[in-house]
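In the numbering used here, the protein residues as written are 1 to 79.
The block underneath contains the structure these notes are about, expressed in structure tokens.
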């Protein structure tokens, strides 16, 4: 993947998604991590789009966080 081909906002969202995966102690990054990162971007496109659809962003955020929190966590020391 050539990250330099992505917009600055997209690069930021991917970095935030990685941080979210680490925050939840997940080994892999997937769509829910990215969705949560996009929802947390207050100056991005996703939040206003969700609001325009008449959906409460806080409800989606809470649902995604709950789903991520229920996943298995990775722990231990790598060598």
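We put the beta carbon where it would ideally sit given N, CA and C, even for glycine.
- Going by DSSP, residue 33 is part of the alpha helix (DSSP H) stretching over 31-40.
- Sequence-distant partners of residue 37 (beyond 5 residues in either direction) whose C-beta falls short of 7 angstroms from its own C-beta, in its chain, are 13, 16, 17, 20.
- With 16 or more other CB atoms across the displayed protein chains lying within 10 angstroms of its CB, residue 32 is buried.
- In this structure, the straight-line span from the alpha carbon of residue 59 to that of residue 10 is close to 23 angstroms.
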